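Protein chains in written order, with our numbering: chain A, 36 to 388; chain B, 36 to 388.
For glycine and all other residues, C-beta sits at the position ideal for the given N, C-alpha and C.
From a predicted model like this one, the values you see are computed outputs, not experimental measurements.
Some notes on the structure that comes next.
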């Protein structure tokens, strides 16, 4: 793993970025800072350490806001905007951009893929344009995209985002103790404090709001599960197609449909709150995922038939264990590899005390 | 067309139902009442003619509410409920139930298919259980369902329905002239009087509400168009499959998927306001339509390949004219048939004066 993996993990990252500069920070492996990064997310991640004003301390966010060109940037962000922006440092879709340096090394820079926009199609287009893939699927050979957690991007499309109800408004509600009013820094699920969150704006019962949210979740779950079924079949059918002699030309548009379908499914569900932040955009996205998975499988049926495997039926996947067996996941081996302590770990623990 | 087609067209229907009884009213052909039904929708459609209180004057609505068993019925409807119920006499999904009478004749009775519930799946199940179809598709031989206009059913699932904002609240807004306040009976699009409709509850600008609604429409349009593309291909592929010798057994589950997919598409869009009344339910419904159309086409690809037609490619439909040519619609002949005046028409016009 590259150093970039530390970026959202600790206020020590801000300290190191300031000390070493971005070029050095983004170069090398995870272990390079293993004994240096010792504090979990803290004050300087979101605040100016002198004034305690809200402050974004990671450069890539503003670069991306400027590249996108339609949203508020940090130069013109209001205090209310900042109550979202500090969260958007990390709660976004990102990738590590390979960047050659003057010193001959290559840095892997956290980059938000927003230059075409922040919608699911815009980010897909961005990744397609640079022919980026997170990994290649072992069975179908699809160059896959993995959505991280596009919370900010999906939030923007829903009712709360459009009315600039910030992340902090619901996830860090104002709390009163005696005469002191403060923003709750135990960041969590707004549904656990509905009297301090939802009820400030919504004049209906907590019970009816919760029922409403559960219905949103059920709708998302329904379409997401259908998309999962289609996609797992598509990967297996593509694997079979390669096995029986399908050509690159035959498979190209099929793999693009699989890539796009799974990206869309992932974009819709990888941010766990998207079904709630943006129920309509989430359902639309899942609808397009279903269309594209369907298209892939229609073409796969033709290719399989052409190569004499028209009777192939992908196994239905009943549970996680069966799925792991089908893809040949070496589960025991992976557990074995995770055992043992990296060299830098003891130094780190000593520093933490 | 049976007499039942008149049911929502005129207050004369209420008069005839009261005079002749339901059995007689629902028996025979459209022309039977052609010269008797002369007024367009009027007072007695929704009001008690003695007291002018809101009143449902068509029996089938309460029968359906009772059969469904979960909703308010007319016996316990409040005044606010009635401001929706009078509209739900007509703005619903319905079919004509063939009903043998004691006199040996058969009546065709307006029936709301709600005994399993009012969701898209529940009504589908109801129709499947009685093996009902509105027509059989000439090309694919699918026993089709035609959604009429499930306005009430879809409204129930959205924010306005759940908060019992009635049809009249938005479509017949309160209006003031001098000292007189009344319900506007020029029933129309609430967006043409946003100051009297939306703005009573929503504390944002008209402009931002309109932008929001247009986004809902665009999301619906996107998935609906995708479903139309899939379904038109599915019908043509099914037609080809029959042509090359597909068997009933091979086609059964495919035709069920086409039937269900198109029913769901139709349920989502036949009520033009559904995208707005119930944006999430509409998108969920369209998502399932896309899944089922995809499944039909995956199986069709296999059947076509098995019968040596694996290369078949359904023509892409570019416009209405091309679609009409492909299905062999005898357009000129149909126009010719529509010319001329039915016998009862002159008598009707004389009565209207």
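Check the Cβ-Cβ distances between residue i and every residue of chain B, and say whether any is below 8 Å.
| i | result |
| --- | --- |
| residue 336 (chain A) | yes |
| residue 265 (chain A) | yes |
| residue 314 (chain A) | yes |
| residue 118 (chain A) | no |
| residue 226 (chain A) | no |
| residue 254 (chain A) | yes |
| residue 196 (chain A) | no |
| residue 340 (chain A) | yes |
| residue 109 (chain A) | no |
| residue 261 (chain A) | yes |
| residue 322 (chain A) | yes |
| residue 300 (chain A) | no |
| residue 290 (chain A) | no |
| residue 147 (chain A) | no |
| residue 319 (chain A) | yes |
| residue 100 (chain A) | no |
Could you tell me whether any Cβ in chain A is nearer than 8 Å to the Cβ of residue i?
| i | result |
| --- | --- |
| residue 328 (chain B) | yes |
| residue 309 (chain B) | no |
| residue 89 (chain B) | no |
| residue 257 (chain B) | yes |
| residue 280 (chain B) | no |
| residue 294 (chain B) | no |
| residue 333 (chain B) | yes |
| residue 213 (chain B) | no |
| residue 238 (chain B) | no |
| residue 245 (chain B) | no |
| residue 251 (chain B) | yes |
| residue 345 (chain B) | yes |
| residue 271 (chain B) | no |
| residue 369 (chain B) | no |
| residue 18 (chain B) | This structure leaves residue 18 (chain B) out entirely; chain B is present only between 36 and 388. |
Would you kindly report the start and end of the unbroken beta strand (DSSP E) that includes residue i?
| i | result |
| --- | --- |
| residue 144 (chain B) | 141 to 146 |
| residue 49 (chain B) | Where residue 49 (chain B) is concerned, there is no enclosing beta strand (DSSP E), although the alpha helix (DSSP H) it sits in stretches over 46 to 60. |
| residue 130 (chain A) | 130 to 135 |
Hey, out of the options, whose CA is closest to residue i's CA?
| i | options | result |
| --- | --- | --- |
| residue 252 (chain A) | A:308, A:294 and A:285 | A:308 |
| residue 156 (chain B) | B:374, B:351, B:320 and B:344 | B:320 |
| residue 88 (chain B) | B:78, B:97 and B:175 | B:78 |
| residue 192 (chain B) | B:154, B:175, B:171 and B:208 | B:154 |
| residue 404 (chain A) | A:76, A:170, A:113 and A:260 | Here chain A has residues from 36 to 388 only, and residue 404 (chain A) is not among them. |
| residue 198 (chain B) | A:176, A:338 and A:240 | A:240 |
| residue 341 (chain A) | A:385, A:275 and A:74 | A:275 |
| residue 271 (chain B) | B:174, B:151 and B:125 | B:174 |
| residue 356 (chain B) | B:132, B:188, B:338 and B:367 | B:367 |
| residue 278 (chain A) | A:339, A:290 and A:255 | A:339 |
| residue 223 (chain B) | B:215, B:238, B:211 and B:207 | B:207 |
| residue 159 (chain A) | A:311, A:303 and A:358 | A:303 |
| residue 99 (chain A) | A:74, A:90 and A:130 | A:130 |
| residue 93 (chain B) | B:112, B:107 and B:125 | B:125 |
| residue 291 (chain B) | B:317, B:243, B:91 and B:171 | B:171 |
| residue 289 (chain A) | A:280, A:335 and A:249 | A:335 |
| residue 62 (chain B) | B:168, B:37, B:74 and B:54 | B:37 |
| residue 133 (chain B) | B:236, B:118, B:301 and B:168 | B:168 |
What are the start and end residues of the alpha helix (DSSP H) that includes residue i?
| i | result |
| --- | --- |
| residue 211 (chain A) | Taken as a continuous stretch (DSSP letters only), residue 211 (chain A) belongs to no alpha helix (DSSP H), being part of the beta strand (DSSP E) at 209 to 212. |
| residue 119 (chain A) | 114 to 123 |
| residue 215 (chain B) | Where residue 215 (chain B) is concerned, there is no enclosing alpha helix (DSSP H), although the beta strand (DSSP E) it sits in stretches over 215 to 218. |
| residue 88 (chain A) | Premise fails: residue 88 (chain A) is in no alpha helix (DSSP H) and is neither H nor E. |
| residue 160 (chain A) | 155 to 164 |
| residue 98 (chain B) | 95 to 103 |
| residue 366 (chain A) | 366 to 373 |
| residue 111 (chain B) | Looking at the DSSP string, residue 111 (chain B) is not in any alpha helix (DSSP H), and its letter there is neither H nor E. |
| residue 167 (chain A) | Run containing residue 167 (chain A): none; DSSP gives neither H nor E here. |
Counting Cβ pairs closer than 8 Å, one from the stretch 141 to 154 of chain A and one from the stretch 38 to 57 of chain A, do we hit at least three?
yes
Sufficient close CB pairs (3 or more, under 8 Å) joining the stretch 328 to 335 of chain B to the stretch 322 to 332 of chain A:
yes
Does the pairing of the stretch 70 to 88 of chain B with the stretch 162 to 175 of chain B give three or more beta-carbon distances under 8 Å?
no
At 3 residues or longer, what runs of the beta strand (DSSP E) sit wholly inside the stretch 302 to 357 of chain B?
You should have found no qualifying run.
Are there three or more Cβ pairs, one per stretch, closer than 8 Å when the stretch 61 to 74 of chain B is compared with the stretch 367 to 383 of chain B?
yes
Taking contact to mean 3 or more Cβ pairs, one atom from each stretch, closer than 8 Å, check whether the stretch 218 to 232 of chain A and the stretch 250 to 266 of chain A are in contact.
no
Three-pair Cβ contact test at 8 Å for the stretch 355 to 364 of chain B versus the stretch 292 to 308 of chain B:
no
Segments assigned alpha helix (DSSP H), at least 4 residues, entirely inside the stretch 201 to 288 of chain A:
202 to 206 and 241 to 278
Minimum length 4: unbroken alpha helix (DSSP H) runs contained in the stretch 175 to 203 of chain A:
186 to 190 and 194 to 197
Decide yes or no for the touch test of the stretch 180 to 190 of chain B against the stretch 209 to 225 of chain A: beta carbon pairs closer than 8 Å, at least 3 of them.
no
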